[in-house]
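Numbering (the numbering used here), first residue to last: 125 to 181. We put the beta carbon where it would ideally sit given N, CA and C, even for glycine.
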């Protein structure tokens with residue numbers, strides 16, 4: 125069995141104010157977090173809120 129690693133660029137926000145909406149959108153994607161929509165949306169907002177402040181600094 126062979127193992128492959130795929131690298132791809134998801135893009136990114138162009139200014140600091142766009143970091144939180146970008147992360148909410150990213151983590152709301154069912155391909156990123158496999159969970160029911162209400163759990164995925166809640167997790168996306170939680171992750172974005174907790175990590176966006178650190179990313180701006």
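Per-residue DSSP class, three states only, for residue i
| i | result |
| --- | --- |
| residue 148 | helix |
| residue 140 | helix |
| residue 162 | helix |
| residue 167 | helix |
| residue 155 | coil |
| residue 128 | coil |
C-beta atoms of residue i and residue j nearer than 8 Å
| i | j | result |
| --- | --- | --- |
| residue 102 | residue 171 | A question about residue 102 goes unanswered here, because the residues of the chain that appear run from 125 up to 181. |
| residue 164 | residue 148 | no |
| residue 159 | residue 167 | yes |
| residue 143 | residue 137 | yes |
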